[in-house]
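Here the structure comes first, spelled out in structure tokens, and everything after it is commentary.
In full-length UniProt numbering, the protein residues as written are 1 to 954.
This is the structure we're talking about:
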């Protein structure tokens with residue numbers, strides 16, 4: 001996402017730079033500077049003087065002053081005579097059209113030295129010259145020669161320049177960049193030179209990205225940077241990959257790629273029998289695992305060692321619960337409730353029930369609660385002789401699958417195979433609520449705030465019940481991966497439909513144009529026939545007029561003084577001349593009508609071609625739409641068929657998450673607050689039979705004979721640095737980026753990255769990287785005449801949209817970098833751009849306090865959206881719609897309709913200049929950040945606040 005700080009010039013705040021220019025040897029030549037032969041003949045070679053230095057030549061102190069005084073003015077980026085730019089060592093080595101300018105170690109082969117010493121023409125600097133550059137003295141020439149002999153290094157390290165980096169002040173916490181992961185689980189925010197990743201479901205920070213190369217830096221024996229630092233300079237832009245597993249960040253002359261390693265397998269152990277059920281103790285990291293032979297293995301999760309095996313149950317062990325003082329309670333289909341000492345591995349006691357016990361939970365007061373296969377709920381209290389049955393309530397028609405204490409432990413909820421959830425008070429057994437799930441309920445989970453009960457069913461549906469009134473708040477299916485595939489297919493189908501409608505409109509317009517051209521041709525032909533007929537008629541009239549004039553003249557010849565005959569001749573002469581004019585006009589009209597007829601015929605031909613092209617294009621779009629329709633149907637069917645029974649719901653991270661285990665191989669993570677699925681994982685090739693949470697975001701699963709420990713904490717690692725060499729990630733001297741990288745975007749297929757930047761008032765850079773190889777695919781030179789501030793790939797990945805400080809919006813092809821079209825109309829920097837999903841229109845935001853909407857095909861401006869109080873710093877189209885969300889310096893984030901320019905919503909809360917905005921691919925979440933350093937996330941549909949994260953205390 002593009003971020004350009006505008007307020008108070010914060011973008012210019014940076015570490016001090018100890019260089020006045022990059023490596024420069026600026027004395028090169030153009031033909032215009034060649035002296036005349038008679039002048040040049042007077043110039044003699046300069047004999048260098050041995051500098052007799054007792055140290056290596058210091059570029060900063062001894063070479064740079066020579067170059068600045070005599071060379072750089074004519075050989076820089078904006079004035080590179082002879083195509084030679086001497087501001088960087090790489091460019092000096094490359095040279096101009098006369099060849100390489102510098103050969104390290106070989107001054108006699110270095111053209112720079114040779115022309116400065118007047119050994120080769122053209123002699124440099126030319127004399128006289130407008131910049132008052134002087135010929136090098138023998139000593140200066142000797143120092144230059146010695147520097148080349150030593151390898152033309154800068155301060156002995158070959159670096160172009162030295163940056164005196166300093167830690168950024170702690171009070172700089174404005175957010176210049178944000179990026180939302182595609183499905184809205186995570187949001188990344190750049191504050192100063194740090195990057196934080198927040199989990200929207202838990203509304204907590206889950207990671208601070210750290211460049212290990214920066215973490216290793218020391219200053220007088222202490223860490224140079226305090227805390228986790230991702231960049232040396234401000235984080236200018238962030239972009240998630242389409243799969244959400246890569247985050248790209250942009251800074252000063254560098255782009256960093258961070259990989260998310262999610263669902264890492266912490267450990268995995270094989271047990272002797274298939275696993276039936278499990279429970280884990282977060283405090284001791286001990287797992288109690290019920291096995292197929294009815295025994296219970298106590299497994300140490302640190303190394304998988306089976307510490308004890310508990311034997312005694314004679315049927316399936318259905319539930320296990322750790323209790324204080326090294327105790328474990330278990331219930332079984334053998335109708336027993338047993339209590340074990342886990343330290344000794346011994347049975348402490350058992351109690352018989354009247355039916356197979358299917359569930360077990362423990363109360364805070366030490367009471368145990370069970371459910372059985374006949375639908376009864378039991379309350380057990382501990383006495384001198386063990387646990388005794390205190391209460392029993394017939395509740396369900398059939399098996400009870402799960403239990404949960406609710407109402408602060410004063411009531412118990414039971415879930416049954418009969419599709420109901422019953423809630424009754426423990427004090428008197430009175431039933432207070434009955435919830436109809438509509439399918440056998442397999443597991444229930446109480447949200448930590450005690451307000452909402454989650455219930456999973458055999459039909460793969462999770463329902464959210466509000467306990468205060470028994471209302472269902474919502475429901476969702478346990479098929480997130482398939483639902484996401486369906487959403488993607490639906491978006492592609494919507495785009496295909498939109499493109500088909502555009503193609504239909506083009507056919508209608510082409511048909512209309514053809515009809516109009518046919519009508520015009522018919523009329524033109526009619527006029528042509530009239531013109532053709534008018535010529536002989538005019539010629540006939542001319543002949544008659546000529547004859548009349550001749551007759552009149554003949555009569556006058558016989559009576560030259562006859563006044564009437566003179567008048568008759570005059571009249572005849574006038575008519576003859578008029579007849580000549582009429583013939584000329586008829587001929588001109590004929591030529592004109594012939595030309596018009598030819599043009600009309602050409603117009604008809606073009607109209608036919610346009611009609612045929614439009615019809616063919618419509619046919620193509622129709623085929624694409626049919627394919628998209630079929631793909632959507634397949635995805636819809638797959639989503640419907642992918643639903644598997646919910647086997648278990650477990651709390652994660654102290655209830656911040658809910659983990660669901662399905663009858664297939666899927667484990668899914670939910671937000672109890674938003675009631676939305678966050679992630680889904682296919683963990684093992686075998687179906688997971690049970691899961692139990694550990695501390696934090698770790699959990700244990702059982703599948704077949706495998707007991708596995710997993711972690712859902714996202715682990716972000718720096719994997720690639722673009723710009724510096726791979727073996728010197730902090731050396732930016734040779735970076736292809738001339739300055740700050742101000743905007744980045746990753747292609748829809750995740751294979752390419754485009755970066756925008758450049759030197760202010762000098763260049764506008766557009767560089768495309770292949771993310772698989774890390775190589776530059778395209779370096780589009782002179783893409784803009786000033787700094788590129790915002791970039792965006794088209795939905796099909798074939799084009800790049802860019803906006804720059806030169807006030808232009810432009811489109812370039814990805815394949816070859818060729819220019820396609822420019823859009824002119826803004827009167828200030830272009831700060832944000834985006835494509836409508838179907839690619840038919842684009843929108844751009846600007847420091848001129850406006851948003852403009854453009855027709856991509858024609859380049860014409862459709863409309864201007866105004867009403868902003870300050871610069872409009874960014875924008876994003878919402879899903880496949882024509883709506884955009886935009887951020888502005890007037891503290892606002894708003895939703896606009898590009899079809900009519902009307903404002904639809906305002907996302908409230910901003911207190912200062914807003915720099916950046918982003919959305920999820922479906923527009924359900926909107927995120928923005930600004931000068932106050934507060935990260936704000938809203939529900940995109942109702943504009944209500946979802947999460948607000950203030951900056952750390954300064």
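C-beta atoms are modelled at their ideal positions from N, C-alpha and C, and glycine is treated no differently.
{"query": "Through-space distance from residue 253 to residue 210, alpha-carbon basis", "result": "18 Å"}
{"query": "Span separating the alpha-carbon of residue 664 from that of residue 395", "result": "30 Å"}
{"query": "Which of helix, strand or coil DSSP assigns to residue 793", "result": "strand"}
{"query": "Between the CA atoms of residue 794 and residue 124 - distance to the nearest angstrom", "result": "49 Å"}
{"query": "Test item: CB-CB of residue 789 and residue 834 under 9 Å", "result": "no"}
{"query": "Other residues of its chain near residue 149: CB distance less than 7 Å, five sequence neighbours each side excluded", "result": "105, 107"}
{"query": "Own chain partners of residue 113 with C-beta closer than 7 Å, once the 5 adjacent residues on each side are dropped", "result": "107, 144, 145, 148"}
{"query": "Continuous alpha helix (DSSP H) stretch holding residue 617: start and end", "result": "563-641"}
{"query": "Short Cβ contact (9 Å threshold) for residue 770 with residue 776", "result": "yes"}
{"query": "Limits of the alpha helix (DSSP H) - the one that residue 377 falls within", "result": "Where residue 377 is concerned, there is no enclosing alpha helix (DSSP H), although the beta strand (DSSP E) it sits in stretches over 376-383."}
{"query": "Where the beta strand (DSSP E) through residue 962 begins and ends", "result": "There is no way to answer for residue 962, as the model of the chain reaches only from 1 to 954."}
{"query": "Start-to-end residues for the alpha helix (DSSP H) that takes in residue 542", "result": "480-558"}
{"query": "Reduced DSSP category for residue 224 - H, G, I as helix; E, B as strand; rest coil", "result": "coil"}
{"query": "Residue 147: first and last residue of the uninterrupted alpha helix (DSSP H) it sits in", "result": "138-149"}
{"query": "Cβ neighbour criterion (16 or more within 10 Å) applied to residue 434", "result": "exposed"}
{"query": "Between the CA atoms of residue 582 and residue 568 - distance to the nearest angstrom", "result": "21 Å"}
{"query": "Sub-9 Å separation of residue 1006 and residue 745 beta-carbons", "result": "Coverage of the chain is limited to positions 1 through 954, which leaves residue 1006 absent and any answer about it impossible."}
{"query": "Collapsed DSSP secondary structure at residue 94 in the structure displayed", "result": "helix"}
{"query": "Own chain residues within Cβ distance below 7 Å of residue 729, not counting five before or after", "result": "213, 721"}
{"query": "Sequence-distant residues of its chain with Cβ nearer than 7 Å to residue 632 (five each side left out)", "result": "489, 490, 493"}
{"query": "Selected residue, minimal CA-CA separation from residue 358, among 366, 66, 333", "result": "333"}
{"query": "Chain-order list of residues whose beta-carbon lies under 7 Å from that of residue 117 (same chain, five-residue window excluded)", "result": "45, 46, 48, 141"}
{"query": "Beta strand (DSSP E) runs contained entirely in the segment 712-765, provided each spans 3 or more residues", "result": "715-722, 741-746, 752-757"}
{"query": "Contacts around residue 682, its chain only, beta-carbon distance under 7 Å, and the 5 residues preceding and following it disregarded", "result": "665, 666"}
{"query": "Burial state of residue 787 (16 or more Cβ within 10 Å)", "result": "buried"}
{"query": "Which of helix, strand or coil DSSP assigns to residue 111", "result": "helix"}
{"query": "Beta strand (DSSP E) runs wholly inside the segment 227-295, at least 3 long, in chain order", "result": "237-240, 246-251, 254-261, 265-270, 275-281, 286-291"}
{"query": "Reference residue 282; option with closest CA among 952, 858, 696", "result": "696"}
{"query": "Distance between residue 643 and residue 389 (C-alpha atoms, nearest Å)", "result": "39 Å"}
{"query": "N-terminal and C-terminal residue of the beta strand (DSSP E) that residue 318 is part of", "result": "317-323"}
{"query": "Close beta carbons around residue 510, own chain, < 6 Å, minus the five adjacent residues each side", "result": "610, 611, 614"}
{"query": "CB of residue 274 within 9 Å of CB of residue 836, strictly", "result": "no"}
{"query": "Coil, strand or helix - residue 843 by DSSP", "result": "strand"}
{"query": "Contact under 9 Å by Cβ, residue 549 with residue 596", "result": "no"}
{"query": "Assigned exposure category for residue 952 - 16 Cβ within 10 Å defines buried", "result": "exposed"}
{"query": "Residue environment, residue 896, which counts as buried when at least 16 other CB atoms sit within 10 Å", "result": "buried"}
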